[in-house]
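According to our numbering, the stretch in the sequence shown is residues 91 to 556, in order.
Here the structure is laid out as structure tokens; the discussion comes afterwards.
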Amino acid sequence: MNKLEFNYLQTANAYEKLLPLNSKKNNGVFYTDIFLSRQILKSLPISQEAVILDPCCGTGSFLFSASQEGYKNVFGADIDKKSIEISKRYVPEGKFIQIDTLGNPYDKVKNALNLKEVDCVVGNPPYAVLNSQTTINSDEDFLQKINASGNNLFIAALFRAFNLAKIGGLISYIIPKNFLHIDAYSNLRRYILGGKTILEIIDIGQYFKNVRGEQIILTIKNSLPTKEHKIAFRKLILNDFVDMSEITQNFYENEIIHFQSGVEQDIFIKLKKSFCTLADICKGYIGRGKSKSINSIAGKDVRKFGYKKIILPQVGNQIFIQNIYSAEAGIIATFGGNLQASETITVLTDGSEEMCKYLLGVLHSKICNFYIQKFCYNNSKLTMHSDAKYLKKIPLNIKNKRTFNQIVDCVGKLEKTDYLSGGWYDLMDELDNLVYETYGLNLEQKKFIEVAMRERLSSRWYKNGK
Ligand SMILES: C[S@@+](CC[C@H](N)C(=O)[O-])C[C@H]1O[C@@H](n2cnc3c(N)ncnc32)[C@H](O)[C@@H]1O
């Protein structure tokens with residue numbers, strides 16, 4: 091790090107520390123370090139003469155890096171006057187103004203900066219849900235558009251960026267990773283999938299310490315995608331953007347799964363396209379427990395195929411699933427009989443006791459947990475919730491009567507066998523093999539899942555920890 095970079099970082103960090111926490115949260119203020127902004131700029135296919143704009147530039151991390159990398163035409167704007175002063179001080183050749191770039195129409199912002207064409211919009215826009223504390227001072231049409239697409243400041247920033255960048259120009263933004271898969275953002279996601287060319291999506295994990303959730307870098311070309319266009323999926327590993335997979339953009343209709351490899355995509359296609367889902371089969375209640383009784387079952391009372399303190403009921407048609415899901419433990423669920431559950435349990439009510447046992451078997455299998463982690467939680471490492479919206483997506487094959495009966499039988503034995511005893515682990519292996527057989531995966535796919543789950547599941551779920 092040279093002296094200028096050191097001084098810049100000191101100034102930007104000191105300023106960020108001064109900002110009151112509440113106002114930081116309401117305005118989505120958290121600055122990007124220059125390692126990441128520089129890495130992003132280096133990965134973009136733009137010339138040194140390109141006009142680069144960060145419309146929410148804060149203390150100017152991206153534009154400071156751009157100037158260090160030799161880019162000559164850098165522009166920045168932010169609603170916060172003091173942060174703009176810092177940007178100006180460290181990027182004297184840049185042009186900066188204080189303006190509300192989310193509330194004001196794009197042409198007003200461009201005029202204020204005397205900009206004609208913008209080749210590349212970069213940055214880390216603010217993330218915050220719009221509510222009484224966080225607002226955008228804009229016209230009704232724009233607000234409705236934001237509201238229909240997830241009601242968040244970063245959604246507004248994306249919409250503004252489509253107008254700020256020239257046609258065929260680039261937009262490269264750090265945004266929350268859940269933009270790729272949660273329902274609230276599906277309108278804008280579909281719009282991008284159909285109308286813009288997604289060049290790359292880089293998974294950067296939970297990069298910002300004080301920001302909830304994980305982040306991605308989404309890089310879009312502001313023009314229609316071709317039929318053959320492939321999105322490059324990459325991941326930040328040890329300071330490098332590492333290639334993971336390339337997937338044709340039109341493979342996606344709505345949710346964008348960040349496949350780590352071609353094998354992962356093959357497994358997804360096989361499971362998703364060949365089988366029905368839990369939602370197709372379970373027509374009963376799937377959702378949080380509602381009992382307020384002190385005797386109701388809580389998440390902490392449940393273990394895999396049983397309870398910590400009470401005897402397993404024999405009749406009924408409920409499954410109880412611990413609502414907190416961790417990648418290390420996988421699904422923790424048991425037969426619920428006719429017991430009552432509190433809100434820390436996800437209740438699945440359906441069909442017969444036999445169907446409950448079958449579902450319990452599938453839910454505890456490695457393949458099911460692989461599916462949930464990779465394709466429902468999009469490979470997120472954070473603690474998630476085993477909510478209905480995820481469970482409903484699980485693929486099921488109940489047509490194979492032989493494996494159906496064998497799985498029911500195996501679950502019956504697991505319920506009667508001492509928890510975590512040698513016999514219990516052997517039965518878990520038997521269960522896994524039966525579930526693999528049900529889905530007809532080949533050896534390579536099975537091995538892939540075993541390796542992936544070995545990296546995530548705690549050694550507690552392996553006999554003798556191996
Ligand atoms: C996540 S910070 C990122 C700043 C900078 N791009 C970076 O990467 O370090 C988001 C910035 O958006 C600014 N901001 C929030 N609302 C804005 C608005 N309506 N118009 C312009 N800037 C805004 C905040 O002041 C803050 O500097």
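The C-beta atom is built at its ideal place from N, Cα and C for all residues, glycine as well.
All of these numbers come straight from a predicted model, not from anything done at the bench.
Grab the span of the alpha helix (DSSP H) containing residue 372 for me, first residue to last.
Residue 372 sits at position 282 when you count from the first residue of the sequence shown. Neither: residue 372 is in no alpha helix (DSSP H) and is coded neither H nor E.
With a CB to CB cut of under 8 Å and the five nearest residues on each side skipped, what residues in its chain are close to residue 448?
The residue labelled residue 448 in the question sits at position 358 within the sequence shown. The residues are 488, 494, 497, 498 and 501.
How is residue 480 classed by DSSP in three states: helix, strand or coil?
Walking along the sequence shown from the start, residue 480 turns up at place 390. Of the three classes helix, strand and coil, the one that applies to residue 480 here is helix, per DSSP.
Counting along the chain, where does the beta strand (DSSP E) carrying residue 320 start and finish?
On the sequence shown, position 230 is the one that residue 320 refers to. Here the beta strand (DSSP E) through residue 320 covers 320-327.
Given the structure, does residue 196 come close to ligand 1, in the sense that its CB is under 8 Å from one of the ligand's heavy atoms?
Counted from its first residue, the sequence shown places residue 196 at position 106. Checking every heavy atom of ligand 1 against the Cβ of residue 196, none is found closer than 8 Å.
Over the uninterrupted alpha helix (DSSP H) stretch that includes residue 543, give me the two end residues.
In the sequence shown, counting from the first residue as 1, residue 543 sits at position 453. Segment 533-546, the alpha helix (DSSP H) holding residue 543.
Ligand 1 and residue 201: does any heavy atom of the ligand fall closer than 8 Å to the residue's C-beta?
The sequence position of residue 201 within the sequence shown is 111, counting from 1. Checking every heavy atom of ligand 1 against the Cβ of residue 201, none is found closer than 8 Å.
Residues in the same chain with beta-carbon distance under 8 Å from residue 305, minus the five sequence neighbours each way, listed in chain order, please.
Indexing the sequence shown from 1 puts residue 305 at position 215. Contacts found: 264, 265, 266, 267, 294, 295, 296, 297 and 298.
Return the Cβ separation of residue 303 and residue 216 in integer angstroms, given the expectation that the two are a contact with Cβ distance under 8 Å.
Sequence index remark: in the sequence shown, residue 303 carries index 213 (1-based). Sequence index remark: in the sequence shown, residue 216 carries index 126 (1-based). Not a contact, Cβ separation roughly 14 Å.
Of the choices 345, 333, 179 and 97, whose alpha-carbon is the least far from that of residue 273?
Numbered from 1 along the sequence shown, position 183 holds the residue referred to as residue 273. Ranking the options by Cα distance to residue 273, first place goes to 345.
Run the proximity test for residue 145: is its beta-carbon closer than 8 Å to any non-hydrogen atom belonging to ligand 1?
Here residue 145 refers to the residue found at position 55 when the sequence shown is read from its first residue. True, at least one ligand heavy atom lies under 8 Å from that Cβ.
Starting from residue 312 and walking both ways along the alpha helix (DSSP H), at which residues does that stretch end?
Within the sequence shown, the letter at position 222 stands for residue 312. It is not in any alpha helix (DSSP H) - residue 312 carries neither H nor E in the DSSP assignment.
According to DSSP, residue 264 sits in a beta bridge with which residue or residues?
The count along the sequence shown starts at 1 and reaches residue 264 at position 174. BP columns for residue 264 point to 307.
Give the range of the alpha helix (DSSP H) segment to which residue 445 is assigned.
As a position in the sequence shown, residue 445 is number 355, starting the count at 1. Its alpha helix (DSSP H) spans residues 443-454.
When you compare the CB positions of residue 193 and residue 150, do they come within less than 9 Å of one another, or not?
As a working note, residue 193 is residue 103 in the sequence shown. As a working note, residue 150 is residue 60 in the sequence shown. Result no, Cβ atoms of residue 193 and residue 150 do not sit closer than 9 Å.
The beta strand (DSSP E) that contains residue 377, what's its start and end?
Along the sequence shown, one-based indexing puts residue 377 at 287. From DSSP, the beta strand (DSSP E) with residue 377 extends over 376-378.
Here's a check: name, in chain order, each residue in its chain whose Cβ is nearer than 8 Å to the Cβ of residue 147, leaving out the five neighbours to either side.
On the sequence shown, residue 147 is found 57 positions in, with the first residue counted as 1. Same-chain partners within the cutoff: 153, 166, 167, 168, 173, 174, 177, 186 and 213.
For residue 125, is the beta carbon positioned less than 8 Å from some heavy atom of ligand 1?
Taking the first residue of the sequence shown as position 1, residue 125 is located at position 35. Because no heavy atom of ligand 1 lies under 8 Å away, the Cβ of residue 125 does not count as near it: no.
When you compare the CB positions of residue 321 and residue 361, do they come within less than 9 Å of one another, or not?
To locate residue 321, count along the sequence shown from 1; it is residue 231. To locate residue 361, count along the sequence shown from 1; it is residue 271. Not in contact: residue 321 and residue 361 (Cβ atoms no closer than 9 Å).
Out of 549, 107 and 126, state which residue places its alpha-carbon closest to the alpha-carbon of residue 328.
Here residue 328 is taken as the residue at index 238 of the sequence shown, counted from 1. Here the closest residue by C-alpha is 126.
For the beta strand (DSSP E) that residue 335 lies in, which residues bound it at each end?
As a first step, residue 335 must be located in the sequence shown, where it is residue number 245. Unbroken beta strand (DSSP E) run through residue 335: 330-338.
With contact counted as at least three CB pairs below 8 Å, one residue from each stretch, are the region 352-366 and the region 408-419 in contact?
Flag = no, the region 352-366 and the region 408-419 do not touch.
Are there 16 or more other CB atoms within 10 angstroms of the CB of residue 234, so buried, or fewer, so exposed?
Along the sequence shown, one-based indexing puts residue 234 at 144. Burial call: exposed.
For the structure I just gave you, are there three or more beta carbon pairs, one from the region 467-487 and one from the region 415-434, closer than 8 Å?
Yes, since at least three Cβ pairs between the region 467-487 and the region 415-434 fall closer than 8 Å, the two stretches touch.
Would you kindly work out how many angstroms separate the C-alpha atoms of residue 422 and residue 319, rounded to a whole number?
Translated into positions along the sequence shown, residue 422 becomes position 332. Translated into positions along the sequence shown, residue 319 becomes position 229. Taking the straight line joining both Cα atoms gives about 41 Å.
Does ligand 1 have a heavy atom nearer than 8 Å to the CB of residue 167?
Looking up residue 167 in the sequence shown gives position 77. Under cutoff, so the answer is yes.
Return the chain-ordered ranges of every beta strand (DSSP E) run that is complete within the region 232-306 and spans a minimum of 3 residues.
Counting only runs of 3 or more, we get 260-266 and 287-295.
Does the distance from the C-beta atom of residue 242 to that of residue 220 stay below 9 Å?
Numbered from its first residue, the sequence shown carries residue 242 at position 152. Numbered from its first residue, the sequence shown carries residue 220 at position 130. Going by C-beta atoms, residue 242 is nearer than 9 Å to residue 220.
Determine the direct distance from the alpha carbon of residue 520 to that of residue 405, and round the result to whole angstroms.
Against the sequence shown, residue 405 aligns to sequence position 315. Against the sequence shown, residue 520 aligns to sequence position 430. Distance between the alpha carbons of residue 405 and residue 520: 25 Å.
Can you find a heavy atom of ligand 1 that lies under 8 Å from the Cβ of residue 213?
Along the sequence shown, one-based indexing puts residue 213 at 123. The answer is yes for residue 213.
Should residue 193 be listed as close to ligand 1, given that the test is whether its C-beta is under 8 Å from any heavy atom?
The count along the sequence shown starts at 1 and reaches residue 193 at position 103. Checking every heavy atom of ligand 1 against the Cβ of residue 193, one is found closer than 8 Å.
Could you say which of 348, 142 and 444 lies nearest to residue 255 if we only look at CA atoms?
Here residue 255 refers to the residue found at position 165 when the sequence shown is read from its first residue. Checked all of 348, 142 and 444; the closest Cα to residue 255 is 142.
Return yes when at least one heavy atom of ligand 1 lies under 8 Å from the C-beta of residue 117, else no.
For the purposes of this step, residue 117 is taken as residue 27 along the sequence shown, with counting starting at 1. At least one heavy atom of ligand 1 is nearer than 8 Å to the Cβ of residue 117, so yes.
Just how far apart, CA to CA, sit residue 469 and residue 204?
In the sequence shown, the residue the question calls residue 469 occupies position 379. In the sequence shown, the residue the question calls residue 204 occupies position 114. Distance between the alpha carbons of residue 469 and residue 204 is about 43 Å.
So for residue 459, helix, strand or coil by DSSP?
The residue given as residue 459 occupies position 369 in the sequence shown. DSSP places residue 459 in helix when its eight states are reduced to three.
Compute the minimum distance between the beta carbon of residue 149 and the heavy atoms of ligand 1, and state whether it is under 8 Å.
On the sequence shown, residue 149 is found 59 positions in, with the first residue counted as 1. Yes; taking the cut-off as 8 Å, the Cβ of residue 149 has a heavy atom of ligand 1 nearer than that.
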